[in-house]
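2 protein chains.
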Amino acid sequence: MTRKEIDVDALGAALVTGDVGALSRAITLIESTLPEDRSRATTLLAQLHARTGDAVRLGISGVPGVGKSTFIEALGTHLVNGGAKVAVLAVDPTSTRSGGSILGDKTRMQELAHHPLAFIRPSPTSGALGGVAATTRDSILLCEAAGFDVVLVETVGVGQSEITVAGMVDCFLVLMLAGAGDELQGIKRGILELVDVLAINKSDGENEQPSKLAAAEYRRALKLMSPRTPGWVVPVHNSSALNGAGIPELWDQALAHREHLVASGFLEQQRAAQELESLEKLLEAGLMLAMREDSTVQAKLDEVVLELRAGTMTPRSAAERVLASFLARG
Amino acid sequence: MTRKEIDVDALGAALVTGDVGALSRAITLIESTLPEDRSRATTLLAQLHARTGDAVRLGISGVPGVGKSTFIEALGTHLVNGGAKVAVLAVDPTSTRSGGSILGDKTRMQELAHHPLAFIRPSPTSGALGGVAATTRDSILLCEAAGFDVVLVETVGVGQSEITVAGMVDCFLVLMLAGAGDELQGIKRGILELVDVLAINKSDGENEQPSKLAAAEYRRALKLMSPRTPGWVVPVHNSSALNGAGIPELWDQALAHREHLVASGFLEQQRAAQELESLEKLLEAGLMLAMREDSTVQAKLDEVVLELRAGTMTPRSAAERVLASFLARG
Chain A
139 MTRKEIDVDA LGAALVTGDV GALSRAITLI ESTLPEDRSR ATTLLAQLHA RTGDAVRLGI
199 SGVPGVGKST FIEALGTHLV NGGAKVAVLA VDPTSTRSGG SILGDKTRMQ ELAHHPLAFI
259 RPSPTSGALG GVAATTRDSI LLCEAAGFDV VLVETVGVGQ SEITVAGMVD CFLVLMLAGA
319 GDELQGIKRG ILELVDVLAI NKSDGENEQP SKLAAAEYRR ALKLMSPRTP GWVVPVHNSS
379 ALNGAGIPEL WDQALAHREH LVASGFLEQQ RAAQELESLE KLLEAGLMLA MREDSTVQAK
439 LDEVVLELRA GTMTPRSAAE RVLASFLARG
Chain B
139 MTRKEIDVDA LGAALVTGDV GALSRAITLI ESTLPEDRSR ATTLLAQLHA RTGDAVRLGI
199 SGVPGVGKST FIEALGTHLV NGGAKVAVLA VDPTSTRSGG SILGDKTRMQ ELAHHPLAFI
259 RPSPTSGALG GVAATTRDSI LLCEAAGFDV VLVETVGVGQ SEITVAGMVD CFLVLMLAGA
319 GDELQGIKRG ILELVDVLAI NKSDGENEQP SKLAAAEYRR ALKLMSPRTP GWVVPVHNSS
379 ALNGAGIPEL WDQALAHREH LVASGFLEQQ RAAQELESLE KLLEAGLMLA MREDSTVQAK
439 LDEVVLELRA GTMTPRSAAE RVLASFLARG
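Residue numbers (our numbering), protein chains in the order written: chain A, 139 to 468; chain B, 139 to 468.
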């Protein structure tokens, strides 16, 4: 037995007992860019494959200021108090530039972070093969193999991150605020096509009435759109992470959505589609890596880079030449 | 002469006269996914290459609700009234899912949209090779070849789109609002590392005083960070698209930033780095295309897809097999 096999087997064996230390090390392994770690990660995930798929994968999104972290703390606490094992992962594309993470500061979720049934993992940087999305996808699987019942995947508010997270969860919960500006319309349109459960958050105090009106407005709007899950009517609830109102109801809706997914057979379909998307991203990353590892292509790449620097070639022409050299090799 | 050469030459000849119809057709060409169109686009861009690079490339960002479109209308009008030719492009990752566009509704910028010196192009969908970012990068070049003095690139508020747009412009202008929630901190941190000029928008009426305090706060915060452009002190201004206050000052700051870029020689460096990034994205897209066009690899892909569907293989293992088959060919 090579050291590699021993490592992976031991790590996997510890992980499936629910050892969060092993879970953390396993996630660190899949985040690694070292070739030997990448193949270990592939082996580990293949070994754990049969133990994955049982958790409720819930994506939680909403624009900055909507109260995501307080909401997740409230929801997560509700779940662990009910005896469920809850993992919280984050997808934060900005961490590629800022190096920071929307979950880096665990004090945001102090109560949850210290609960024995909870596991909180900050957003990875995009260094790993396939970037933040790939590592988060695999982290979900590792959490499932470690026996977590619920995996909450938090994302920053708009743009690609919404689509990325909706593409790796079963149920996509979006938090909204009452009285959002008109300019949000463009974003909302995109989000309403992804949402499975909608919450109008911060529905407390003087904001309670406007929030109820907003909820009614969203219900009307959603009637006009085809839901992400065929045959599912997207429920809209008011919530307050402050006083806990609406949190259990929203969770029940997430469970109802899951039942609908299972009963309709759409859960399998959706997860299959998500795995295909994951495959595509991994292929993209692997191809780039293979190209960089070919010395002839690397030489051609260096050549066109000089031309780019000299301003004598466009990126498109440069790409064509490098691709030609890579595809001509053999 | 083949028909292709005639097409591209004629299109390029019309475009460089400032013909916006030709510019629109050229952008449509680079957005096309048809192989013959892709090579035409590459040829066209190579032909126009010498005429590109002279515009002020200004990225404009800010979270939804900050007043981006009204601000761009005000800034763009200020510029065209000064005799400048202004192009407005948009990057909206959500358009990959919603099919919509943050600039789809030109009524958002009615005055500017109908000005003879202005050109407004909605965000492309990500169908084209290299996606929204690649087509927007090339659209900037086409606008420059068509004689536009200023290219404004608008983006939705947070996440990858910020980084994408900052990666294709010379100057990145970010709009902020006074009294933003704590949860914005994570986002701000990322944005403040990208920003070249900062505007506290909607600084009018009762919001004027809070906006001035916010501006002071941002100036303090920015002192603690290394600017994107070495040696540049990020200016913070209050602005009101409503009454036009601060708009000319912000434009002057964008010009001052450009002068600093040119004088420090950093403009060339930054654009060179951006071209390299563009090359990388194009290679990624081109490799995936080449792989799909290889029948042997396509067969292997079909095979592992069946295994994925059957749940007998993980995406990572599937990717490894397909890559092996692609790299073994030749």
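Ideal placement from N, C-alpha and C gives every residue a C-beta, glycine not left out.
Where does residue i land, buried or exposed, given buried means 16+ other C-beta within 10 angstroms?
i, result
"Met-306 of chain A", "buried"
"Gly-159 of chain B", "exposed"
"Gly-317 of chain A", "exposed"
"Gly-319 of chain B", "The predicted position of Gly-319 of chain B is uncertain, since its pLDDT is 48 and thus under 50; no value can be drawn from it."
"Thr-171 of chain A", "exposed"
"Leu-444 of chain A", "exposed"
"Ser-364 of chain B", "exposed"
"Leu-196 of chain A", "buried"
"Leu-399 of chain A", "buried"
"Pro-262 of chain B", "buried"
"Leu-421 of chain A", "buried"
"Asp-390 of chain B", "exposed"
"Asp-440 of chain B", "exposed"
"Thr-155 of chain B", "exposed"
"Val-460 of chain B", "buried"
"Asn-219 of chain B", "exposed"
"Val-371 of chain B", "exposed"
"Ala-179 of chain B", "buried"
Measuring CB to CB, does residue i end up less than 8 Å from residue j?
i, j, result
"Val-312 of chain A", "Ser-402 of chain A", "no"
"Gly-384 of chain B", "His-375 of chain B", "yes"
"Val-226 of chain B", "Ile-278 of chain B", "no"
"Leu-280 of chain A", "Leu-153 of chain A", "yes"
"Ala-284 of chain A", "Asn-339 of chain A", "no"
"Ile-301 of chain B", "Met-247 of chain B", "no"
"Gly-424 of chain B", "Ala-457 of chain A", "yes"
"Val-442 of chain A", "Arg-467 of chain A", "no"
"Val-224 of chain B", "Ala-256 of chain B", "yes"
"Ser-299 of chain B", "Val-201 of chain B", "no"
"Ser-416 of chain B", "Ala-304 of chain B", "no"
"Ala-462 of chain B", "Leu-388 of chain B", "no"
In angstroms with no decimal places, state the Cα-to-Cα distance between residue i and residue j.
i, j, result
"Ser-177 of chain B", "Leu-167 of chain A", "41 Å"
"Pro-373 of chain B", "Val-288 of chain B", "20 Å"
"Cys-309 of chain A", "Ala-193 of chain A", "11 Å"
"His-253 of chain A", "Thr-208 of chain A", "15 Å"
"Gly-205 of chain A", "Leu-161 of chain A", "28 Å"
"Leu-332 of chain B", "Glu-397 of chain A", "44 Å"
"Val-146 of chain A", "Ser-377 of chain B", "57 Å"
"Leu-446 of chain B", "Gln-408 of chain A", "13 Å"
"Gly-268 of chain B", "Ser-349 of chain A", "41 Å"
"Leu-351 of chain A", "Gly-203 of chain A", "20 Å"
"His-216 of chain A", "Leu-183 of chain A", "30 Å"
"Ile-329 of chain A", "Lys-438 of chain A", "43 Å"
"Asp-432 of chain B", "Met-426 of chain A", "17 Å"
"Pro-453 of chain A", "Ala-359 of chain B", "37 Å"
"Asn-345 of chain A", "Met-314 of chain A", "13 Å"
"Ile-165 of chain B", "Phe-286 of chain B", "14 Å"
"Leu-149 of chain B", "Leu-213 of chain B", "30 Å"
"Glu-282 of chain B", "Arg-163 of chain B", "15 Å"
"Ala-428 of chain B", "Ser-455 of chain A", "16 Å"
"Pro-386 of chain A", "Arg-366 of chain A", "23 Å"
"Pro-173 of chain B", "Leu-250 of chain B", "35 Å"
"Ala-354 of chain B", "Thr-293 of chain A", "30 Å"
"Ala-394 of chain B", "Leu-362 of chain B", "22 Å"
"Asp-342 of chain B", "Gly-449 of chain A", "45 Å"
"Asp-157 of chain A", "Ala-151 of chain A", "9 Å"
"Val-270 of chain B", "Tyr-356 of chain B", "31 Å"
"Leu-241 of chain B", "Asp-175 of chain A", "Only weak support is given to the placement of Leu-241 of chain B: the predicted model assigns it a pLDDT of 44, under 50, and the question is left unresolved by the model."
With DSSP as the reference, please indicate the residues paired to residue i in a beta bridge.
i, result
"Ile-258 of chain B", "B:Val-226"
"Val-374 of chain B", "B:Leu-336"
Does the beta-carbon of residue i, which I'm using as the reference point, lie nearer than 7 Å to any heavy atom of the ligand PLP?
i, result
"Met-247 of chain A", "The ligand content of the structure shown is nil, which means the ligand PLP is not present either."
Just list the alpha helix (DSSP H) runs in the stretch 390 to 432 of chain A, keeping only unbroken ones of 4 residues or longer that don't cross its boundaries, in chain order.
-> 404 to 431
Contained beta strand (DSSP E) runs [length at least 3] in the stretch 154 to 203 of chain B, N- to C-terminal order = 194 to 199
Let me know the beta strand (DSSP E) ranges lying completely inside the stretch 288 to 372 of chain B, each 3 residues or longer, listed in chain order.
-> 288 to 293, 309 to 314, 335 to 338
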